[in-house]
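A short worksheet on the structure shown next.
There are 2 protein chains.
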Amino acid sequence: MSEPATPFPGGAVNRRRANRGTLGGAADRKVERPAPLRQAVYEALIELIVNRTLQPGQHLVEIELAEYLGVSRQPVREALQRLQTEGWVDLRPAQGAFVHTPTEEEADQLLSVRSVLETHSAKLAAEHATPEEVEMLRDLQGLGVAALKARDVDRLVSANADLHSFITTLSRNDVLAELIGLVDRRVRWYYTPIAGPRGEDAWAEHEQLIDAIAAGDAAEASRIMTVHTERTRLAYHEQRQARASS
Amino acid sequence: MSEPATPFPGGAVNRRRANRGTLGGAADRKVERPAPLRQAVYEALIELIVNRTLQPGQHLVEIELAEYLGVSRQPVREALQRLQTEGWVDLRPAQGAFVHTPTEEEADQLLSVRSVLETHSAKLAAEHATPEEVEMLRDLQGLGVAALKARDVDRLVSANADLHSFITTLSRNDVLAELIGLVDRRVRWYYTPIAGPRGEDAWAEHEQLIDAIAAGDAAEASRIMTVHTERTRLAYHEQRQARASS
DNA sequence: ATACAGACTTTCGTATGCAAAAGACACTGA
DNA sequence: TCAGTGTCTTTTGCATACGAAAGTCTGTAT
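Listed in order, the protein sequences are those of chains A and G.
Residues in the first sequence are numbered consecutively from 1, following the UniProt record's numbering.
Residues in the second sequence are numbered consecutively from 1, following the UniProt record's numbering.
Given below as structure tokens:
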């Protein structure tokens, strides 16, 4: 009973004791501050939530997570704090943590916010991108189109994420980039549209978007990104409707 | 040395032991779940940071905060986790927490993001607001104008916050409202413009904004909010320049 | 059979303890 | 005088311990 029914993939997180040997330290080139365990726990938990090992609504018993990950409750609790503020879990006083249950309404709200943020990001990117950076954009686009042709969904999803992420970098606004990162990850948790029939259209829109950024046309980049993200939002609703009627 | 040089205002947070008496429980009407200490610590720390008792860059020694607030290190640590993800402190591994030092660049980025989010919020508010809600907006506007006439800066600042906050509520998008809340608090920490010479202008713009919302004119509400927030951003830069040349 | 009361179990929230990393400081040697 | 080094202090990060709240189950009375 104290063992989780389904063992968590990824295994224990606490490898600290194992690689304590400091001999051959010359191999470590930088300062190499060991990231605290809570960081590893945080990342492990997000992975477990995103891949549905921990399901929405599930009660996360601290001691179970701790034992599975090979740590004590303390770093788990600290990770849960962060996960709450980022919307992955809900912490009910005296009851503990529950994996957040995404409602359709919330998904729509997130998609709406994402649309606005990404649009702003595209506008700023068009204002700031250098020719070298535009070249990098085109490289990323190439990867995506190749993945599309190869019908490689995993690569397609990651290429899409990389492209959008790089555009946020080009915005030269770290605050904006960070917010988009947070919102995007949650959106992708709720809904992964890029694998669907919107693939070709989406990548054609990317093409136009990059052209606008290359031309430094902020208004046009803006407009395209708005259309692009709002279409994604529509695709979400269509998928939802399809689910509902099946 | 273990006592902070400047004692923290607000005093101890742990009054739990004091009001443990459960007799007369009938007075508690709802469930009244006692919020965890970490919540109180979290709020106390934000207050201490915003009012500059804890200054930017200052090293926050856990045991000192804990002793002053009358709790142990644990709830302090958990509060610090949350404060980090919200941008109030920086947590350096094995070194602890430092009050985040806001740079001018970051302030500008925050103001830029805030502008976009508030603009979207105004647009949605115009689409959703009911006549009753518009009346409430006008009431809030009245409070602000009264405070302006009375030259009551405190009331002016809070009226401004209330008005903007209420507009985010009208957007009917909780995710957006929460993000704006976070960004706004940090912006106000960096810079409190409403007390400055922009008072009259700002409240005149509010008037137009409310008219647009009342008319359900989303595009116009949008436009006004963009101008409004971008002017705030300009005011920040002017103030910065004034500081620099003095 | 069902509703209620009370004990029991589980789990959280907080406090405390301990090892280890980071920084401070004085000492040594050139 | 100053760079380098070893020791000592401070503070973090993690683990463990304990009291209390919430949920669960059982037994009893109606």
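Where a beta carbon is used, it is the ideal one built from N, C-alpha and C, also for glycine.
Inset, instruction - For chain A, find out if any of its Cβ atoms is closer than 7 Å to the Cβ of residue 161/G; answer yes or no. - result: no
Inset, instruction - Taking only the alpha-carbon atoms, compute the straight-line gap between residue 119/G and residue 158/G and give it to the nearest angstrom. - result: 20 Å
Legend entry - Whole-angstrom distance between residue 207/G and residue 148/G, CA atom to CA atom: 14 Å
Inset, instruction - Inspect the CB distances between the region 164-178 of chain G and the region 98-115 of chain G and report whether three or more fall short of 8 Å. - result: no
Legend entry - C-beta neighbour in chain A for residue 173/G, strict 7 Å: yes
Legend entry - chain A residues whose Cβ lies nearer than 7 Å to that of residue 120/G: 116
Legend entry - Cβ pair residue 182/A, residue 105/A closer than 7 Å: no
Inset, instruction - Tell me whether residue 182/A sits in a helix, a strand or coil according to DSSP, three-state version. - result: helix
Inset, instruction - Consult DSSP for residue 99/A and reduce its assignment to one of helix, strand or coil. - result: strand
Inset, instruction - Kindly indicate if chain A contains any beta-carbon less than 7 Å away from that of residue 41/G. - result: no
Inset, instruction - Would you please verify whether the beta carbon of residue 85/G is less than 7 Å from any beta carbon of chain A? - result: yes
Legend entry - Burial state of residue 246/A (16 or more Cβ within 10 Å): exposed
Legend entry - Residue range of the unbroken beta strand (DSSP E) whose run includes residue 305/A: This structure cannot speak to residue 305/A, because chain A is shown only from 1 to 246.
Legend entry - Beta-carbon neighbours of residue 129/A, restricted to chain G and to distances below 8 Å: Within chain G, no residue comes near residue 129/A; the closest Cβ sits about 17 Å away, beyond 8 Å.
Legend entry - Neighbour list for residue 81/A in chain G, Cβ cutoff strictly below 7 Å: 78, 81, 82
Inset, instruction - Mark residue 78/A as exposed unless 16 or more other C-beta atoms lie within 10 angstroms of its C-beta, in which case mark it buried. - result: buried
Inset, instruction - Would you kindly work out how many angstroms separate the C-alpha atoms of residue 141/A and residue 213/A, rounded to a whole number? - result: 13 Å
Inset, instruction - Assess, as a yes-or-no matter, whether the region 38-45 of chain A is touched by the region 64-82 of chain A under the definition of 3 or more beta carbon pairs within less than 8 Å. - result: yes
Legend entry - Assigned exposure category for residue 107/G - 16 Cβ within 10 Å defines buried: buried
Legend entry - CB of residue 228/G within 7 Å of CB of residue 205/G, strictly: yes
Legend entry - Assigned exposure category for residue 100/A - 16 Cβ within 10 Å defines buried: buried
Inset, instruction - Identify whether residue 60/A lies in helix, strand or coil by the three-state DSSP scheme. - result: strand
Legend entry - 8 Å contact criterion, which residue 170/A and residue 133/A should meet: CB distance rounded: 6 Å
Legend entry - Pair within 7 Å by beta-carbon distance, residue 209/A and residue 224/A: yes
Legend entry - Every unbroken alpha helix (DSSP H) inside the region 90-166 of chain G [4 residues or more]: 104-128, 131-149
Inset, instruction - Give every residue of the same chain whose Cβ lies closer than 8 Å to the Cβ of residue 23/A, excluding the five residues on either side of it in the sequence, and list them in chain order. - result: Below a pLDDT of 50, predicted positions are generally treated as unreliable, and residue 23/A, at 29, falls in that range; no measurement from the model is reported.
Legend entry - Straight-line gap, residue 83/A to residue 38/A (C-alpha atoms, nearest Å): 11 Å
Legend entry - Given residue 236/G as reference, the closest of 189/G, 138/G, 203/G once Cα atoms are compared: 189/G
Legend entry - Cβ-based neighbour list, residue 162/A, same chain, cut-off 7 Å, excluding 5 preceding and 5 following: 140
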